[in-house]
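Engineer:
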Amino acid sequence: MTRIESKRLICYPVSDGEMKRLIENEKDPGLKLAYSEMLRGCLAEPENRIWHAVWAMELKERPGTVVGDFSFKGAPQDGMVEIGYGLREEYRGYGYMTETLKAALKWALAREGVTRVEAETEPENEASRKALLRAGFVPTGTAGKEGPRFVYRTGP
Numbered sequence: 000m001t002r003i004e005s006k007r008l009i010c011y012p013v014s015d016g017e018m019k020r021l022i023e024n025e026k027d028p029g030l031k032l033a034y035s036e037m038l039r040g041c042l043a044e045p046e047n048r049i050w051h052a053v054w055a056m057e058l059k060e061r062p063g064t065v066v067g068d069f070s071f072k073g074a075p076q077d078g079m080v081e082i083g084y085g086l087r088e089e090y091r092g093y094g095y096m097t098e099t100l101k102a103a104l105k106w107a108l109a110r111e112g113v114t115r116v117e118a119e120t121e122p123e124n125e126a127s128r129k130a131l132l133r134a135g136f137v138p139t140g141t142a143g144k145e146g147p148r149f150v151y152r153t154g155p
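The sequence shown begins at 0 in numbering that gives the first Met the number 0 and counts up by one.
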């Protein structure tokens with residue numbers, strides 16, 4: 000099983016069945032749509048499933064306690080993968096997202112052909128922006144659908 004570990008977290012891609020349950024139980028229409036797109040990617044490209052799946056962020060010291068999730072938004076294109084993420088409200092402020100981003104960056108950049116990871120965050124989401132900056136991302140000076148874009152790259 001593919002997994003990414005950090006000091007306090009184990010991150011792993013959830014099954015298609017678990018993704019279906021996430022979609023069914025999600026109240027936020029935007030997240031429901033995002034999870035649905037991820038599942039469609041998993042089903043359409045099983046050979047690239049890892050790049051579409053929802054990855055659960057589970058506490059090592061409390062097995063079964065999922066604090067949030069992330070996803071790469073599709074297979075690498077021209078050396079780039081995009082990451083999206085979310086943290087459950089009760090687990091914010093403990094550094095879990097920065098820790099996860101650093102571990103996910105290391106994992107993604109170790110995959111053949113990946114030279115940069117990009118992310119977007121809503122302009123008013125200060126905590127998300129700070130997590131990206133702490134993980135080593137830098138602003139690109141451009142904006143995407145969700146807001147300002149950030150990039151982490153291995154070279155020039």
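Virtual Cβ for every residue (Gly too), placed ideally from N, Cα, C.
1) Using alpha carbons as the reference points, say which of P45, L108, M18 lies closest to W54.
2) Should T99 be labelled buried (16 or more other beta-carbon atoms within 10 Å of its own) or exposed?
3) Can you grab the Cα-Cα spacing for the pair E119 / G135, in whole Å?
4) Kindly indicate which three-state DSSP category A109 falls into: helix, strand or coil?
5) What do you get for R128, buried or exposed, if any count of 16 or more other CB atoms within 10 angstroms of its CB means buried?
6) When you compare each of S14, D68, E44 to A74 by their alpha carbons, which one comes out closest?
7) Taking A142 as the reference, which of A126, R152, L132, P122 has the closest Cα?
8) Please state if the CB of M56 and the CB of E117 are separated by a distance shorter than 8 angstroms.
9) Apart from the five residues just before and just after E25, which ones in its own chain have a Cβ nearer than 8 angstroms to its Cβ?
10) With DSSP collapsed to three states, give me the class of P147.
11) Quick one: what does DSSP say A52 is sitting in, helix, strand or coil?
12) Checking the sheet assignment: what are the DSSP bridge partners for D15?
13) Is L86 closer than 8 angstroms to T153 when the C-beta atoms are compared?
14) With DSSP collapsed to three states, give me the class of E60.
15) Where L132 and D15 are concerned, what is the direct C-alpha to C-alpha distance, given to the nearest angstrom?
Structural biologist: Taking the definition as stated:
1) Sequence index remark: in the sequence shown, residue 54 carries index 55 (1-based). Closest option to W54, Cα to Cα, is M18.
2) Within the sequence shown, numbered from 1, the residue matching residue 99 stands at position 100. Counting Cβ neighbours within 10 Å, T99 comes out buried, since at least 16 surround it.
3) Counting from 1 along the sequence shown, the entry for residue 119 is found at position 120. Counting from 1 along the sequence shown, the entry for residue 135 is found at position 136. Roughly 14 angstroms separates the two Cα atoms.
4) By one-based count along the sequence shown, residue 109 stands at place 110. A109 falls in the coil class under three-state DSSP.
5) Translated into positions along the sequence shown, residue 128 becomes position 129. Flag for R128 reads buried.
6) Against the sequence shown, residue 74 aligns to sequence position 75. Distance from the Cα of A74 is smallest, within the candidate group S14, D68, E44, for E44.
7) Locating residue 142 in the sequence shown gives position 143, where the first residue counts as 1. Selected option, being the one with the closest Cα: P122.
8) Locating residue 117 in the sequence shown gives position 118, counting from the first residue. Locating residue 56 in the sequence shown gives position 57, counting from the first residue. It is not a contact, given that the beta carbons lie outside the stated cut-off.
9) One-based indexing of the sequence shown puts residue 25 at position 26. K31, Y34.
10) Here the question's residue 147 lines up with position 148 in the sequence shown. Looking at P147 - three-state DSSP - the assignment turns out to be strand.
11) Here residue 52 refers to the residue found at position 53 of the sequence shown. Here A52 sits in coil by DSSP.
12) Locating residue 15 in the sequence shown gives position 16, counting from the first residue. Here D15 is not bridged, per DSSP, to any residue.
13) The residue labelled residue 153 in the question sits at position 154 within the sequence shown. The residue labelled residue 86 in the question sits at position 87 within the sequence shown. Cβ distance not < 8 angstroms, so T153 and L86 don't count as in contact.
14) Mapped onto the sequence shown, residue 60 falls at position 61. Note: E60 maps to coil in three-state DSSP.
15) On the sequence shown, residue 132 is found 133 positions in, with the first residue counted as 1. On the sequence shown, residue 15 is found 16 positions in, with the first residue counted as 1. Whole-angstrom Cα-Cα distance: 32 angstroms.
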